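S.K.: According to our numbering, the sequence shown holds residues 1035 to 1256 in order. Beta carbons are placed, not taken as given, at the ideal position from N, Cα and C, and that holds for glycine. Note that this is a predicted model, so its numbers are computed, not measured.
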Amino acid sequence: MTTLLFDYDGTLHESLRIYAPAMQDAYDHLTARGFAPPRRWTDKELRAWIGLPPEAAWDQMLPGLPEAEKRRSIEEVGDGMLSRIEGGGARLYPGVPEALAALKRLGGRMLLLSSCPRSYLEAHDRVFSLSRFFDGLFCGEDFGYQPKYQIVQGLLEQYGGPFLVVGDRAADREAALRNHLRFAGCLYGYGSTEELAGADCLLRTPRELWSVLSRLLAFSSD
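#1: Could you have a look at residue 1172 and say whether DSSP puts it in helix, strand or coil?
#2: To the nearest angstrom, report how far apart residue 1096 and residue 1061 are at their CA atoms.
#3: Can you give me the C-alpha to C-alpha distance between residue 1132 and residue 1099, rounded to a whole angstrom?
#4: Flag residue 1112 as yes if its beta-carbon sits less than 8 Å from any beta-carbon of chain B, otherwise no.
#5: Apart from the five residues on each side of it in sequence, which residues of its chain come closer than 7 Å, Cβ to Cβ, to residue 1168?
#6: Have a look at the DSSP bridge pairing and note the partners of residue 1144.
#7: Ignoring anything shorter than 3 residues, give me the beta strand (DSSP E) runs that lie fully in the region 1155-1219, in order along the chain.
#8: Taking residue 995 and residue 1174 to be in contact with their CB atoms under 8 Å, please state how far apart those CB atoms are, rounded to whole angstroms.
#9: Between residue 1213 and the rest of its own chain, which residues show a CB-CB distance below 7 Å, the 5 nearest in sequence each way excluded?
#10: Could you have a look at residue 1043 and say whether DSSP puts it in helix, strand or coil?
#11: Less than 6 Å between C-beta atoms, sequence neighbours within five positions excluded: which residues of the same chain meet that for residue 1048?
#12: Is the region 1196-1207 touching the region 1158-1172 in the sense that three or more CB pairs, one from each, lie closer than 8 Å?
#13: Quick one: what does DSSP say residue 1099 is sitting in, helix, strand or coil?
#14: Can you tell me the Cα-Cα spacing of residue 1114 and residue 1052, whole angstroms?
#15: Check residue 1248 in the structure and name its three-state DSSP category.
#16: The alpha helix (DSSP H) that contains residue 1237, what's its start and end?
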């Protein structure tokens, strides 16, 4: 049976709620230390970096930022998001727990892969009990923040195919295409329509996680 491989931020988790204030706080601290000009970042600007490895996000936000300051900022953002998760500020998209539970009842394997630190994923597991839905929770830190398509190669070797990749960013699409897997693109997330070009199907709302994916799984088992 097909394995469902889910991205997390922007696919299941409405991460801008905790990401935007944490990034702004870290940027403001850089401003106070003389490494960045004063600026208020918009949600539209910040959402473009959700789902990227932390180093890549800062390279785009502040090219040339000294490595020590970049590492410090990454740690500050991580700490800021963790405090917001543990303080009840994180939210899954409406309908996501119900959709995951229904897909789980179909009896297939479900995996989660996020380009995030292990502490971040474990905090979400504590709050949302993600382990009840998934047969494996994987994060970028586990694999040295390799490109997602390389991580998926290893998961295919570990679990065997076929996989159906579900995500909202170009890295999710690339992971599917480079490994010759089907891809369900989530338009409600943080990626652009162009990033999801060539998807086998497009989900316009989180509630379609059940309605669309269950049909795809039924078709693949025929």
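M.R.: Let me lay it out:
#1: If DSSP states are grouped into helix, strand and coil, residue 1172 belongs with the strands.
#2: Rounded to whole angstroms, the gap between the alpha carbons of residue 1096 and residue 1061 is 9 Å.
#3: Those two C-alpha atoms are separated by around 42 Å.
#4: This model lacks chain B altogether, as it is built from one protein chain only.
#5: Take residue 1168, set aside five residues on each side of it, and the residues of its chain with a beta-carbon closer than 7 Å to its own are 1144, 1145 and 1146, in chain order.
#6: The partner list for residue 1144 (beta bridge, DSSP) reads 1038.
#7: If one requires a minimum length of 3 residues, the beta strand (DSSP E) runs lying completely within the region 1155-1219 are 1170-1173 and 1197-1201, in chain order.
#8: The shown model of the chain, from 1035 to 1256, leaves out residue 995, and the question about it has no answer.
#9: So the list reads 1183, 1186, 1187 and 1190, once near-sequence residues are dropped.
#10: If DSSP states are grouped into helix, strand and coil, residue 1043 belongs with the strands.
#11: Non-local C-beta neighbours of residue 1048 in its own chain, meaning closer than 6 Å and more than five positions away in sequence, comprise 1125 and 1127, ordered along the chain.
#12: Judged by Cβ distances under 8 Å, the region 1158-1172 makes no contact with the region 1196-1207, as fewer than three pairs qualify.
#13: When secondary structure is reduced to three states using DSSP, residue 1099 falls in the coil class, being assigned neither helix nor strand.
#14: Approximately 8 Å between the Cα atoms of the pair.
#15: Helix, per DSSP.
#16: Boundaries for residue 1237: no alpha helix (DSSP H) harbours it, while the beta strand (DSSP E) harbouring it runs 1235-1237, taken from the DSSP string.
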